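Worksheet: one structure, shown below.
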Amino acid sequence: WVLPFFKTGYSKDLEVKDIYNSTNPDLSGPLGDALEKMLIPVFLAYYINFFDNPTDSFQNIERGWIFGGAVVGLTFAKVVLEHYCNMGVQRIGMRVRVAACSLIYRKLLKLNQASLGKTAAGQLVNLLSNDVIRFDMISWFLHYFWITPVLFIISSYLMYNYVGLAALPSMGAITVQAVVAQGYLSKLQGKLRAKIAQLTDNRVKLMSEITSGIQVIKMYAWERPFEKIVELARKLEIDIVQKTSYIKGFSLALMLFTERATLYIAVIAWVLMGQDIKGDVVFAVAQLLNTVQLYMAIFFPLALATWEECKVSMRRIEDFLALEENDDPPELSGDENNVGLIKLNQASTSWMPNPIVETLLGIDIELKPGTLCCVVGPVGAGKSSLLQVILKELPLNSGTLEVVGNVSYASQEPWLFVSSVRQNILFGRPFDKERYKFAVQACALKRDFEQLPNGDRTLVGERGAALSGGQRARVALARAVYRDADIYLLDDPLSAVDAHVAKHLFEGCIQGYLRGKTRVVVTHQVQFLKGADLIVVMNNGKIERMGTYADLQEELSALSKEIQMQQQVHAAVGQKDREQTPKVEDRDRGLSLALQSIASLASWDEPEETDELLERGALKTSTYVEYYNSGSSCCLLILLLVLFVIAQVACNGADMWLTFWTNQEDLKTASQANRTEATAFDDSSNFTTMSPAYDNSGNSSSVNTDYIYIYTGLIVSSIVLTTARSTLFMNVCMSASKALHNKMFNCILKAPMKFFDTNPCGRILNRFSKDMGAVDEALPKVVLETLQIFLIMLGILGMVFIKSPWMIIPAVVLGSIFWYARVVYLKSGQDIKRLEGATRAPVFSHVSASLYGLPTIRAFKAQSLIIEEFDALQDQHTGTWFLFGATSESLGFYLDVISTIFLAFTTFQFLVFGDENTKAGDVGLVISQTLALTGMLQYGVRQSAEVSSTMTSVERVLQYTKLDEEGPWEALPGDRPPLDWPQKGRVSFSHAFLRYSSDSPPSIRDLNVEFRPGEKIGVVGRTGAGKSSLVATLFRLAQVDGVVAIDAIDTGKVGLRLLRSAISIIPQVPILFSATLRYNLDPFEKCSDEELWKALDRVELRQAGVSLDTPVSEGGGNFSAGQRQLICLARAIVRKNKVLVMDEATANVDRHTDFLIQKTIREAFSDCTVITIAHRLNTIMDYDKALVMEAGRAVEFAPPHELLENPASYFSRMVAQTGRSMEEKLKEVAEEAYEKNKDRFPVNKIEQNGAPVDKKDQ
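Okay, so the sequence shown: first residue is 1 according to the UniProt record's numbering, each after it adds one.
Following this line, the structure appears as structure tokens:
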């Protein structure tokens, strides 16, 4: 069934749709295979013995044909059995791996929050890639644990029959080598494997953080410190990998010389016991030892090594499976007449086990069905934790919880998967046209759908990259609203949207569409609290006050002040407050990797996601050249090649010398028989037996001694040279591995942002985990094995041709067939291997996405949906994986059949062309070597194909070393600005355009504005107006045309590293990295502790009890969002730059923190140019100028007061949307600021897109 598939693969490049679906069969046992191998040496001995006295034997030639036929027939039977067994064990290993992956994934969906705190995306990716693959490997070798002892007993008996007591030292030596030496090495390999797994976890986790926070790293120009961190993590890992590679290299060398060394021991022991060596004995023993060493010196140690490695992986998987689970809450609990009831009684809980202070303490609250409850409070008050308790994500330490009815949930950070907008809203639920239409209207998405290129079928992209922050929040809200639930938990849903949209969402959706349902809304938008039935004010994990708006306004003066402050504006973007807990969304930091193909559940055509770049056709020779060149110099490679050849010559020299010795002994025995009568011969023979190494000739002893010395010299040199070449080869491969990883990582850091927007994290992590794992560990071993096998093959063929020159003809014919079979196989094999890599990445992406969206998935009871999705992705991967195994196994079978035909030629030629001059030693050498060729040659061709397939990992790594680079990174010598640039902070844009890709329309269009030194600029505009693109233009994160200058120096010429170091930014999403707080503030270690403490004091973080050595968990999960924002502010203070950019930086915080940030900016950056991108109009009303953006253009640019004087201006219209009383207050603030600032910056003109316009004309 594989042959038609090869035909397809030969005629075209294979795609995923060509792969067969996976099946589910079983296996057969491999014992028959081993017993077949034991019979071959017996019949070989009879056949060689036939030629001991050719003159007599050829008169009864039928016996020769019977013995020769038995050797060939048994070999063919062995071939059939062996491949049938291999397919079976491979299938079992695959099924165990698939089952383990499914188990790990199902466990992930059940983890509680404490367990999730211990689980990083990198660790999961490693478990599902490098750990479970051990099950595939162990299935090949596990049965050798019981086959080996059986085989040892049978072979010892046969050996004793041939050479008597001389069998003991050789069998003893092979036992010591297999059990003691290899056992120790295997155990050592297991220990090192455990260390490697841990270090790889660490490196992949680092890469995961870097790929998710790459934009921030670029904007801070932090590439170098992260390069150093990854280099260090990689060095620690590769040092251990290098040790295991040397062990593997030595083990491979051991496999090569064990058979010769043990044969040497048997022959020398036999000779020293006074026996003559004979062809039938030597080559039967050689064939027997070949089988024994195959099992005892190769398969058994491999079984030990893989078992030790597998134990480590099983322990790691067991540790993961033993993590605590979330209690699975029933769908409906409590009184069914009270559907929608939420009741908490003296509830206390915490995120950490055994906390000093509880996260929530003594919570007493009862919400009747249909209540609208708003929860307010400062950063870290416990608002999100309260929702997590109701969701049963956060278990209670004490108290009781009653929730009646099913729950729908919108998380604080919108969680979207890679699919269409519509699929994100439906989330696996059936499409109800009316309900969908109402949900879309209630969440104000109709206008957005009109603007999106494919409407609601537009793909949202990785982390929702195709949508703005406000659109992401509303899609997540629409998902919650579309679900027909009894209780709706909405965590800060109004934060990321404009003023009028927030009003629409609260009045039209929360108060309107969801009327009659129980709604718990966490919010900072105090102006909407009037509409709430119940307001809960939280602080420090407790409920401070509860009641209606009127109650709280009268009784709580502190809250009233906050309300008053907030009533200045409706356009609020308090994007997220976070509890100081390691909860799932906290640890996201934009890392959510996206469910890959839920779009497949849709019945309509969706726009395609960007396919992974796959190479086509045969693997290029340049891939091999680049790989080895990156590992060493040409001289070293030539030396290595010479070493390989000399070592092989030494090995074959030992075999040839033994044949020569055997033939000489046969000639001597024959001549003695002719000269002496039978009785004399008997006496001589008895004398020889009694007196070792002496006979009647008198000088036989010295001749034997010469033979022994030369034989010993050849064996010792083969041992030394094979060990040396293996070690040197592994060293070259490790150097290549180090160089490739560092080069790939450097290229990733310098890649433009478009690369990260179009490639999911899972795809990038796949290169750094699975592909680098293959390059580090699998590739050196298979290449060394292949080289060894082909050198042995050349040596064997050389010896066969010397003894039977005419055998060159069938060898050339069969060699051509071999080569053609390999070409046909590789055409399909490489494509399948590439597809296997491409179908693996979505599995990782799916797992990582699920990890970061767990609360949402569980709240929507969508576990079965995403388990189905995981299984579908895994089945697709299994199909490619199994087909790869099946095609390589069938190739092996056909190649073994060809080898058996060659064996038949070799065996029967002695009967067809032989005569009385045919020597038994030559027959023994040729046939025993050809027998070794049978299994080895097909294994060699398969291994060479495996090399080509594994080289696709190198090819995939090399792809990432040839990415487009941002640039230039450094300025040309003539363009370098002064050392203290920028001194003033004047920023000017002249005809600036920004494109995210060369074929996309510009996101910034013909921008002409100038920000004077020390000016405070507020950038405003509705969603998608180009505010964030302005930041990208300033930092040159994408292709910029036109001139952007700072202090009259074109930023396009100063080099990206210097440019980005010269601008400080407080980004929209505060990204922290898992290191110390000190490292997060100052990775270059330029500042003293005193300076860092001053910065922390300014942002009031010292009072929060942090120190510079406080560890930051993945994504900054152990800090609340407000604290993370303050750390980013401290970072900006430490940098002391003249230009500061704030990208919606106060979106995540409550009013107190916002006030603190604004105050710090006014004080710490008083002489700096500050560019603030904001939705909160009150934060920029006292700025020197407001820049209004619309569709990528600057439509207005002037002081806020002047813009407000023209009622028709864009800015006036935005302010008018906040309501009459608010508008008046904002105008007052703008006027005051204008009067105060006009002396500093006299302004006579209003600019529209950079062109001055008289006020009356505007």
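Don't be surprised by glycine CBs; every beta carbon is placed ideally from N, CA and C. Model, not experiment: these values are computed from the prediction.
Less than 7 Å divides the Cβ of Lys1027 from the Cβ of Met1189. If you look at Ile390, you'll find it in the alpha helix (DSSP H) that goes Lys383 to Ile390. Ala1132 and Leu1140 do touch by the CB rule: their CB atoms are close to 6 Å apart, below 8 Å. Between Asn539 and Glu358, the alpha-carbon positions lie close to 12 Å from each other. The beta carbon of Pro395 sits closer than 7 Å to those of Asn112, Asp327 and Thr349, all from its chain and outside the five residues before and after it, given in chain order. Around the beta-carbon of Cys374, 16 or more other beta-carbon atoms lie within 10 Å, marking it buried. Around the C-beta of Asn126, 16 or more other C-beta atoms lie within 10 Å, and the residue is accordingly described as buried.
Contact annotation: Val1215 and Asp1182 have beta-carbon atoms that are not nearer than 7 Å.
The shortest CA-to-CA distance from Ala100 to any of Thr75, Phe76, Val72 and Ser129 is the one to Ser129. Secondary structure at His143: coil, using DSSP grouped into helix, strand and coil. Restricting attention to alpha helix (DSSP H) runs no shorter than 4 residues, the region 735 to 795 encloses them at 753 to 758 and 761 to 766, ordered along the chain.
One alpha carbon belongs to Ile867, the other to Arg976, and they sit about 56 Å apart. According to DSSP, Met1142 shares a beta bridge with Ile1066 and Thr1172.
Here the alpha carbon of Ala849 sits roughly 16 Å from the alpha carbon of Phe756.
Secondary structure of Val180 (DSSP, three-state): helix.
Restricting attention to beta strand (DSSP E) runs no shorter than 3 residues, the region 812 to 848 encloses none. For the options Ser726, Gly1024, Leu667 and Ile715, the alpha carbon positioned closest to that of Val642 is the one of Ser726. As the crow flies, the alpha-carbon of His83 is around 43 Å from that of Ile748. By DSSP's assignment, Met1189 forms a beta bridge with Ala1194. Listed in chain order, the non-local C-beta contacts of Gln346 below 8 Å within the same chain comprise Gly362, Ile363, Asp364, Ser398, Gly399 and Thr400, local neighbours out to five positions each way being set aside. Going by DSSP, Phe257 is part of the alpha helix (DSSP H) stretching over Glu223 to Leu272. A check of alpha carbon separations from Leu489 across Glu507, Leu514 and Lys235 identifies Leu514 as the nearest.
Proximity to His846 across Gly1052, Phe417, Ala466 and Arg1060 peaks at Phe417, based on C-alpha coordinates. For the options Gly837, Ser997, Lys620 and Ser888, the alpha carbon positioned closest to that of Ser828 is the one of Ser888. Secondary structure at Tyr409: strand, using DSSP grouped into helix, strand and coil. DSSP places Phe993 in no alpha helix (DSSP H) but in the uninterrupted beta strand (DSSP E) bounded by Val987 to Arg995. Of the other Cβ atoms in all chains shown, 16 or more fall within 10 Å of the Cβ of Leu1096; this residue is therefore buried. When rounded, the separation of the alpha-carbon atoms in Ile1046 and Gly1052 is 10 Å. Distance from the CA atom of Thr907 to the CA atom of Leu794, rounded to whole angstroms, is 19 Å. The C-beta separation of Ala120 from Lys205 comes to about 5 Å, placing the pair in contact by the 8 Å criterion. The DSSP-derived three-state label of Gly1018 is strand. In the pairwise beta carbon analysis, the region 716 to 736 is classified as touching the region 232 to 251: at least three pairs are separated by under 8 Å. In the DSSP assignment, Asp491 falls within the beta strand (DSSP E) that extends over Ile487 to Asp491. Taking the CA atoms as reference points, Cys761 sits about 35 Å from Val376.
Contact between the region 882 to 896 and the region 512 to 531 is absent, with fewer than three C-beta pairs closer than 8 Å. For secondary structure counted as the alpha helix (DSSP H) over 4 or more consecutive residues, the region 56 to 93 holds no complete run.
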